[in-house]
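K.L.:
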Amino acid sequence: VNKQSQITTFFTSP
Amino acid sequence: MLELRLIQGSLLKKVLEAIKDLVTEANFDCSATGFSLQAMDSSHVALVALLLRSEGFDHYRCDRNLSMGINLNNMSKMLRCAGPEDIITIKGDDGTDTVTFMFESQKQDKISDFEMKLMDIDSEHLGIPDAEYQAIVRMPSAEFARICKDLGSIGDTVVISVTKEGVKFFTRGDVGSANIVCRQNTSVDKPEDSTVIEMNEPVSLTFALRYMNSFTKATTLSEVVTISLSSELPVVVEYKIAEMGYIRFYLAPKIED
Chain C
2 VNKQSQITTF FTSP
Chain D
109 MLELRLIQGS LLKKVLEAIK DLVTEANFDC SATGFSLQAM DSSHVALVAL
159 LLRSEGFDHY RCDRNLSMGI NLNNMSKMLR CAGPEDIITI KGDDGTDTVT
209 FMFESQKQDK ISDFEMKLMD IDSEHLGIPD AEYQAIVRMP SAEFARICKD
259 LGSIGDTVVI SVTKEGVKFF TRGDVGSANI VCRQNTSVDK PEDSTVIEMN
309 EPVSLTFALR YMNSFTKATT LSEVVTISLS SELPVVVEYK IAEMGYIRFY
359 LAPKIED
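Chains as they are written, first to last, in my numbering: chain C, 2 to 15; chain D, 109 to 365.
1) Sorted by chain position, which residues of the same chain lie with C-beta nearer than 8 Å to valine 270 of chain D's C-beta, five sequence neighbours on each side aside?
2) Looking at the structure shown, is glutamate 111 of chain D part of a helix, part of a strand, or coil, going by DSSP?
3) Which runs of the alpha helix (DSSP H) spanning at least 4 residues fall entirely within the region 163-250 of chain D, listed in chain order?
4) Going along the chain, which residues of its own chain have a beta-carbon closer than 6 Å to the beta-carbon of tyrosine 138 of chain D, five neighbours each way excluded?
5) If you draw a straight line from the alpha carbon of methionine 247 of chain D to that of aspartate 202 of chain D, how long is it in whole angstroms?
6) For my contact list, asparagine 181 of chain D and lysine 128 of chain D are in at a C-beta cut-off of 8 Å; report their separation, rounded to the angstrom.
7) With distance defined between alpha-carbon atoms, name the residue in D:Pro361, D:Ile355, D:Ile363, D:Glu331 nearest to valine 156 of chain D.
8) Identify every residue that forms a DSSP beta bridge with aspartate 137 of chain D.
9) At a Cβ threshold of 8 Å, is methionine 148 of chain D touching chain C?
10) Name, please, each residue of chain C whose Cβ falls closer than 9 Å to the Cβ of aspartate 365 of chain D.
11) Helix, strand or coil for alanine 157 of chain D, going by three-state DSSP, please let me know.
12) Out of D:Asn179, D:Lys272, D:Tyr168, D:Ser151, which has the shortest C-alpha to C-alpha gap to isoleucine 196 of chain D?
13) So isoleucine 236 of chain D and alanine 134 of chain D are in contact, right, with Cβ under 8 Å, and what is the actual spacing, rounded?
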């Protein structure tokens with residue numbers, strides 16, 4: 002089963 | 109003081125139509141560089157980054173950096189009142205809580221001012237790292253839109269795989285499965301009709317089709333779409349906006365649980 006990841010996992014606040 | 113005059117006002121109308129269903133509220137940032145926006149959808153699965161460079165405007169005055177919190181649905185309602193050939197000027201002032209959209213007909217015989225209320229939006233600005241992508245696919249935007257629409261009628265997710273054979277779009281649903289392969293094709297007179305695949309290494313990623321189909325609302329902005337893929341990163345779906353800039357959609361992949 003594939004789980005939806007989030008953008009915030011890859012890009013973070015500087 | 110902010111005054112941005114865009115001869116091709118239809119570009120701004122198209123930009124709003126492309127993003128208003130994905131993002132409901134966002135801060136538009138105005139600086140010497142240009143008019144930009146970065147926002148995530150409410151589930152933080154997709155991110156949109158827009159840039160309209162200052163050089164692309166007929167007149168661009170931005171005395172100091174300004175951030176305008178805007179309900180995109182309301183902005184879209186106002187921009188829909190501009191004619192397709194109208195020149196659009198965005199006007200704002202420090203310390204006011206409104207922005208004005210001025211529409212001028214090409215013959216200058218009709219001038220409309222629409223004043224819209226701004227809002228306070230707490231949004232975090234994410235750092236998007238520069239990346240080397242494993243594969244970059246350039247293809248006609250209408251073709252990509254067609255594929256996403258067709259696959260969306262079969263399944264919920266699309267597996268995008270790039271190999272030296274081409275780019276493959278695969279979905280599976282209750283009724284069955286679908287597999288579409290686009291091969292590199294540069295032997296056409298019109299470069300915008302080409303499919304060009306730059307591959308450093310094969311890559312295969314799974315994405316929600318609902319978001320992909322939302323991104324394709326930007327198809328009217330550009331004849332070509334660029335899809336950049338890396339296994340460790342969100343996909344980037346980019347539409348260039350004439351000589352002005354771009355709209356980039358980032359979508360986080362589905363990963364094995």
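The beta-carbon is built from N, C-alpha and C at its ideal position, and this holds for glycine as well.
P.N.:
Well, looking at it:
1) Closer than 8 Å at Cβ, skipping near neighbours: Gln242, Ala243, Val245, Lys276, Ile305, Met307, Pro310, Val311, Ser312, Leu337.
2) strand
3) Counting whole runs of 4 or more residues, the region 163-250 of chain D contains the alpha helix (DSSP H) stretches 180-187.
4) Looking at the sequence shown, residue 138 of chain D is not tyrosine but cysteine. If we look at cysteine 138 of chain D and ignore the five residues flanking it on each side, its Cβ neighbours are Leu110, Cys170, Leu174.
5) 42 Å
6) 6 Å
7) D:Ile355
8) D:Ser144, D:Ser175
9) yes
10) Chain-ordered, the chain C residues with CB closer than 9 Å to the CB of aspartate 365 of chain D read Val2, Asn3, Lys4.
11) Here alanine 157 of chain D carries a strand assignment [DSSP, helix/strand/coil].
12) Ranking the options by Cα distance to isoleucine 196 of chain D, first place goes to D:Tyr168.
13) Actually they do not touch by this definition, with Cβ atoms about 16 Å apart.
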